[in-house]
Amino acid sequence: MIDSPLRDSSLRSKKTIAVAKYANVALPLAVDKVFTYLIPPELHQSAAVGVRTIVPFGRKYVTGLIVGFPESSSLTSLKPLRDILDASPVVSRELLNLCNWIAGYYFAPWGEVLKAAIPFGFVSSSKRVVRNVLPNPKSIAAEIEKRSPQRARVLSLLAEQGSMQSSELQKKTGVKNINVLLNEMVKAGQVEIEEIVPQQKTAIRKKEFIVLSDIDDKRLAVTLESLPNRQKKARALLLHIQQLTNQGMREIAVTQLLKESRTTLTILKSFRGLLNIVARDINRNQDYGTEEKTLTIRLNTAQQLALDAVCKAISTEVHRSFLLHGVTGSGKTQVYIEAIRYCLRHSKSAIVLVPEISLTPQIVRRFKSHFAGQVAVVHSRLSAGERHEVWRRALNSEYKIVIGPRSAVFAPLNNLGLIVVDEEHEASYKQFDSSPRYNARDVALVRGSQANAVVLLGSATPSVETFHNATIGKYELLGMPRRIDDVSMPEITIVDMTAERKQEYASLKESLPDEKRKGLRQFQQSSVSSLLKQKMGERLRRKEGIILLQNRRGFAPFVECMDCGYSETCENCNVTLTYHLAKKHLRCHYCGAVKALHDQCPSCRGQNMQLRGIGTQRVEQELASLFPEANVLRMDLDTTSRKGAHDRLLRKFGDGEADILLGTQMVAKGLDFARVTLVGVISADSQMLLPDFRSSERTFQLLTQVAGRAGRSTLRGEVIIQTHQPNHYTLQHVVDHDFKTFYEQELEARRELDYPPFSRLALVEMKGEKEEHVRQQAERFAQLLKGSHGSFTVLGPSPAVISKIKNRYRWHLILKSKKESDPNGTGLRQTLHRAVDSWTKARQQSVRLIIDVDPVGLM
139 MIDSPLRDSS LRSKKTIAVA KYANVALPLA VDKVFTYLIP PELHQSAAVG VRTIVPFGRK
199 YVTGLIVGFP ESSSLTSLKP LRDILDASPV VSRELLNLCN WIAGYYFAPW GEVLKAAIPF
259 GFVSSSKRVV RNVLPNPKSI AAEIEKRSPQ RARVLSLLAE QGSMQSSELQ KKTGVKNINV
319 LLNEMVKAGQ VEIEEIVPQQ KTAIRKKEFI VLSDIDDKRL AVTLESLPNR QKKARALLLH
379 IQQLTNQGMR EIAVTQLLKE SRTTLTILKS FRGLLNIVAR DINRNQDYGT EEKTLTIRLN
439 TAQQLALDAV CKAISTEVHR SFLLHGVTGS GKTQVYIEAI RYCLRHSKSA IVLVPEISLT
499 PQIVRRFKSH FAGQVAVVHS RLSAGERHEV WRRALNSEYK IVIGPRSAVF APLNNLGLIV
559 VDEEHEASYK QFDSSPRYNA RDVALVRGSQ ANAVVLLGSA TPSVETFHNA TIGKYELLGM
619 PRRIDDVSMP EITIVDMTAE RKQEYASLKE SLPDEKRKGL RQFQQSSVSS LLKQKMGERL
679 RRKEGIILLQ NRRGFAPFVE CMDCGYSETC ENCNVTLTYH LAKKHLRCHY CGAVKALHDQ
739 CPSCRGQNMQ LRGIGTQRVE QELASLFPEA NVLRMDLDTT SRKGAHDRLL RKFGDGEADI
799 LLGTQMVAKG LDFARVTLVG VISADSQMLL PDFRSSERTF QLLTQVAGRA GRSTLRGEVI
859 IQTHQPNHYT LQHVVDHDFK TFYEQELEAR RELDYPPFSR LALVEMKGEK EEHVRQQAER
919 FAQLLKGSHG SFTVLGPSPA VISKIKNRYR WHLILKSKKE SDPNGTGLRQ TLHRAVDSWT
979 KARQQSVRLI IDVDPVGLM
């Protein structure tokens, strides 16, 4: 067994060579290579690209994936494949080619790409439970004893002992390639196999259902007639059940039935003889319900034109990419739905990528309302078994639509017709904290190209790079410049918080006697301006909904000594600690370290330590004081860490159980509440002042998106944006709802500085526990790059903006490659590969190298 090159040419082969002597196997390891094994004669017919195989690796056996068949090998002492798990490929050549591209483009180990792309059960241990399906297995075993003794032994064991694991059958039969034998028996209709993936520690949740199809209609009617009139809740329950059965419903969840009929569980259980109650395991993350809206919607002219263009492209079965640029509330989701409906009518499947599944339950409910059992939802919080089940059913074409964040781009759908990337500008499509550091939006475009599918990128605020690609003709631009039913865009007002602070301070100073004015040193401005306070009062009186955005969680982002300027910082990270009110401690948002809040300054021993800045907890506390009668829901990482918390909070707000929804940027995404008429941004500066060339773009996107939550019905919307930078050009374009002018101004700034879309970027990071070692290795890598004659610019090395995280020092180099001289970035990647190879040969083990191609952040 030995290494083979990562970029295996056999992946491009159109047919599997049945008599191949060698197999290249990818293993779930962080190595930039595949491994070559011998194919024993008994496995020749079963070996195929995309099937799982059991191979010897070191002193143990591991599960890998066959990715190709090299024609020859110069290596000796190759080990043979032990067994093959699958009768047919579980990963298509198309997906393998996609993984191969990701590995090469993003400098990711082949095994890590496969781990990201393929569910846990396909690259790790799982149990295969074998069951007999023959009526008389012993007699069949006797008949085939002579011509197939191994099959006969399996049938006899199953007849005697019932269902067994394949590993147990292997021990008792002595058959080395037991899985190949079992796959043949499945094809012959002699046994069936269920693959059970080890579950995570979370317990399986049960849910009770009433099986309506089992109810005897005559008995139900008799029971109703015999009920006394005073038993109003019992009558309401049975009448509702009778109505549901008349509508043809087959079952209903007990919780839903109790809510709809307004009765109790005790009354329900009194009819146990009449009603059949069953408990089932349910998928915690799939239970989004459906949306109770009309499913027949007439599109307006702009929607219809966009849909016609997309459907025409789908019908040609040739890859094309579109940008659907529609203002917030213009009906982009309905265009997605109708385009997918066209796909299904033409026997094609679709993938819908959303920025973060837990933040967008509304879009999931809409799709499930239209497409019922054809929709699968995937995301990181699914258990291994749940991911395995979604993969299997998508592979078998039981699901035609897969919705989810990044990883959904790998869904093994057949005959893919459409990939939708909703809110394509979102940074969350980029995997930034572990390998492979891929951008799902760009991977979707590559997959669409490989599958001859249409890719539809949608956003009210497209990224500068995407909109530039649309303007130069790389993507086709579809515009939807108006809201549905010509609903007006919200009126946006900027509040200058610096002027407000001066006015508030002067007013307070004037009202205090001279002897008390010294206390004004500790004056802190209210987080809610007088204008926002007034507008909120008006909405609360009218029972209308309010959304407030403050993109910092906790109570105070930092603690400062007002005497010497000392601030509390994390010992593990080069960042200030945030004060959290609930547990009254300081917490690091990077490593999670906590620390008690000190009254005395550790530096000057002064007693004037102050909580500075504004977090969501502080705003919540102020709202309780300003509007004690209002019900406030806070939505940030602290309140949504438990499963389903996002959806529960949004349902409560949507149902009118809360007046104000306060949160971080998660309240700006994908929310559609007709009752919301006011949106307030507590501080627009936190994103705008970051040292990153995309900070203005992200501020414009965030503010435009959150502003779009207001006035999405006949009620006029209003937005109040508070800032200390009222004249910043970004804010002026937000007020005017003017994306195009903002884009042109931003594009010109990027052109002058050679930033994307005029160049390609790669971020090289060195990190380690000893700063001197990290610096030395960063400088050495920079020399390797500068001596490679590449047509690019190297910036650095220098300490990262956040120079230490989790006790690891960080140094950065930034590579800029102009698209004029290196259109596809090939030269940049080749130079990087050479530098990485040279650096690795004499690397310092204590320093880690990370390469991030097309980074979305440089901090």
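Each residue of the sequence shown is one higher than the one before, starting from 139 at the first, in our numbering.
Even glycine gets a Cβ: it sits at the ideal position worked out from N, Cα and C.
Between the CA atoms of Thr-842 and His-875 - distance to the nearest angstrom: Residue mapping note: residue 875 aligns to position 737 of the sequence shown, counting from 1. Residue mapping note: residue 842 aligns to position 704 of the sequence shown, counting from 1. Roughly 8 Å between the two C-alpha positions.
Whether Leu-556 touches Val-592 by CB criterion (8 Å): As a working mapping, residue 556 is identified with position 418 in the sequence shown. As a working mapping, residue 592 is identified with position 454 in the sequence shown. It is a contact, given that the beta carbons lie within the stated cut-off.
Arg-368 (DSSP reduced to helix, strand or coil): As a working mapping, residue 368 is identified with position 230 in the sequence shown. Here Arg-368 sits in coil by DSSP.
Reduced DSSP secondary structure (H/G/I, E/B, other) of Val-417: Indexing the sequence shown from 1 puts residue 417 at position 279. Reading off the sequence shown, one finds Ala at residue 417, where the question assumed Val. In this structure, Ala-417 counts as strand in the three-state DSSP scheme.
Outcome for Gln-299 when other beta-carbon atoms lying within 10 angstroms are tallied against a minimum of 16: Taking the sequence shown and counting its residues from 1, the one referred to as residue 299 is at position 161. By the neighbour-count rule (16 or more Cβ atoms within 10 Å), Gln-299 is not buried but exposed.
Of the residues Lys-673, Cys-711, Val-713 and Leu-491, the one placed nearest Gly-855, counting alpha carbons only: Here residue 855 refers to the residue found at position 717 when the sequence shown is read from its first residue. Selected option, being the one with the closest Cα: Lys-673.
Cβ shell of Lys-905 (< 6 Å), same chain only, five flanking positions each side left out: Within the sequence shown, the letter at position 767 stands for residue 905. Once the five neighbours on either side are set aside, the close Cβ partners of Lys-905 are Arg-946, Arg-948 and Arg-986.
Euclidean distance between Cα positions of Glu-536 and Lys-733: Numbered from 1 along the sequence shown, position 398 holds the residue referred to as residue 536. Numbered from 1 along the sequence shown, position 595 holds the residue referred to as residue 733. When rounded, the distance between both Cα atoms is 51 Å.
Residue nearest to Phe-245 in terms of C-alpha spacing, selected from Gly-995, Asp-975 and Met-997: Locating residue 245 in the sequence shown gives position 107, where the first residue counts as 1. Phe-245 has its Cα closest to that of Asp-975, out of Gly-995, Asp-975 and Met-997.
Cβ neighbour criterion (16 or more within 10 Å) applied to Ile-820: Along the sequence shown, read from residue 1 onward, the residue named residue 820 stands at position 682. Per the 10 Å Cβ criterion, buried.
Straight-line Cα distance separating Arg-888 from Val-932: Taking the first residue of the sequence shown as 1, we reach residue 932 at position 794. Taking the first residue of the sequence shown as 1, we reach residue 888 at position 750. Approximately 17 Å, taken between the alpha carbons.
Identified DSSP bridge partners for Glu-333: On the sequence shown, residue 333 is found 195 positions in, with the first residue counted as 1. According to DSSP, Glu-333 bridges with Arg-266.
Distance, Asn-769 Cα to Asp-797 Cα: Here residue 797 refers to the residue found at position 659 when the sequence shown is read from its first residue. Here residue 769 refers to the residue found at position 631 when the sequence shown is read from its first residue. Distance between the alpha carbons of Asp-797 and Asn-769: 5 Å.
Thr-174: first and last residue of the uninterrupted beta strand (DSSP E) it sits in: Within the sequence shown, the letter at position 36 stands for residue 174. Here the beta strand (DSSP E) through Thr-174 covers 172-176.
Those residues which DSSP pairs with Trp-949 across a bridge: Taking the sequence shown and counting its residues from 1, the one referred to as residue 949 is at position 811. According to DSSP, which records beta bridges pairwise, Trp-949 is partnered with Met-904 and Pro-937.
Supposed close pair Leu-296, Val-329 - CB separation, criterion 8 Å: Counted from its first residue, the sequence shown places residue 296 at position 158. Counted from its first residue, the sequence shown places residue 329 at position 191. Contact holds; Cβ gap of about 7 Å.
Beta-ladder partner(s) of Ser-487, from DSSP: The residue labelled residue 487 in the question sits at position 349 within the sequence shown. According to DSSP, which records beta bridges pairwise, Ser-487 is partnered with Leu-554.
Exposure of His-563, with buried meaning 16 or more beta-carbon neighbours within 10 Å: Taking the first residue of the sequence shown as 1, we reach residue 563 at position 425. Its Cβ being crowded by 16 or more others within 10 Å, His-563 is buried.
Burial state of His-182, where buried means 16 or more other Cβ atoms lie within 10 Å: Taking the sequence shown and counting its residues from 1, the one referred to as residue 182 is at position 44. Answer is exposed; the Cβ neighbour count stays below 16.
Buried versus exposed, by CB contacts within 10 Å (16 or more), Ser-132: The first residue shown for the chain is 139 and the last is 997, placing residue 132 beyond what the model contains.
Alpha-carbon spacing of Ile-684 relative to Pro-543, whole angstroms: Sequence index remark: in the sequence shown, residue 684 carries index 546 (1-based). Sequence index remark: in the sequence shown, residue 543 carries index 405 (1-based). Rounded to whole angstroms, Ile-684 to Pro-543 spans 28 Å at the Cα level.
Burial state of Ala-341, where buried means 16 or more other Cβ atoms lie within 10 Å: Numbered from its first residue, the sequence shown carries residue 341 at position 203. The predicted model places Ala-341 with a pLDDT of 39, which falls under 50 and marks its position as unreliable; any figure quoted below should be read in that light. Looking at its Cβ environment, which holds fewer than 16 other Cβ atoms inside 10 Å, Ala-341 is exposed.
Length of the line joining the Cα atoms of Thr-978 and Lys-171: Here residue 978 is taken as the residue at index 840 of the sequence shown, counted from 1. Here residue 171 is taken as the residue at index 33 of the sequence shown, counted from 1. Those two C-alpha atoms are separated by around 15 Å.
DSSP three-state assignment for Phe-919, whether helix, strand or coil: As a first step, residue 919 is located in the sequence shown; it is residue number 781 there, counting from the start. In the structure shown, Phe-919 sits in a helix (DSSP, three-state: H, G or I).
Per-residue burial, Asp-352 [other beta carbons within 10 Å of its own, 16 or more giving buried]: Locating residue 352 in the sequence shown gives position 214, counting from the first residue. Asp-352 is exposed by the Cβ-count criterion.
The segment 777-787 contacting the segment 631-648, beta-carbon criterion three pairs below 8 Å: no
Alpha-carbon spacing of Asn-414 relative to Leu-362, whole angstroms: If you number the sequence shown from 1, residue 414 lands on position 276. If you number the sequence shown from 1, residue 362 lands on position 224. Approximately 17 Å, taken between the alpha carbons.
C-alpha gap between Ile-405 and Lys-790, whole angstroms: Locating residue 405 in the sequence shown gives position 267, where the first residue counts as 1. Locating residue 790 in the sequence shown gives position 652, where the first residue counts as 1. Taking the straight line joining both Cα atoms gives about 26 Å.
Residue range of the alpha helix (DSSP H) that includes Asn-274: Here residue 274 refers to the residue found at position 136 of the sequence shown. Per DSSP, Asn-274 belongs to no alpha helix (DSSP H) and is neither H nor E.
Nearest-angstrom Cα separation, counted from Thr-754 out to Asp-774: Residue 774 sits at position 636 when you count from the first residue of the sequence shown. Residue 754 sits at position 616 when you count from the first residue of the sequence shown. Whole-angstrom Cα-Cα distance: 8 Å.
Range of the contiguous alpha helix (DSSP H) that encloses Glu-629: Looking up residue 629 in the sequence shown gives position 491. Run containing Glu-629: none in the alpha helix (DSSP H); it sits in the beta strand (DSSP E), 629-634.
Pairwise C-alpha distance: Ile-379 and Gln-385: Taking the sequence shown and counting its residues from 1, the one referred to as residue 385 is at position 247. Taking the sequence shown and counting its residues from 1, the one referred to as residue 379 is at position 241. Going by the C-alpha atoms only, they are around 10 Å apart.
Continuous beta strand (DSSP E) assignments of at least 3 residues falling wholly in the segment 156-241: 160-164, 172-176, 190-195 and 198-206
Proximity of Leu-595 and Tyr-613 at Cβ, strictly below 8 Å: As a working note, residue 595 is residue 457 in the sequence shown. As a working note, residue 613 is residue 475 in the sequence shown. Yes, the Cβ-Cβ distance between Leu-595 and Tyr-613 is below 8 Å.
Beta-carbon proximity check, Ala-447 vs Leu-554, cutoff 8 Å: Stepping through the sequence shown from its first residue, residue 447 is reached at position 309. Stepping through the sequence shown from its first residue, residue 554 is reached at position 416. No, Cβ-Cβ distance for Ala-447 and Leu-554 is not below 8 Å.
C-alpha distance - Pro-247 paired with Leu-953, whole-angstrom precision: In the sequence shown, counting from the first residue as 1, residue 247 sits at position 109. In the sequence shown, counting from the first residue as 1, residue 953 sits at position 815. Looking at the two C-alpha atoms, the distance is approximately 21 Å.
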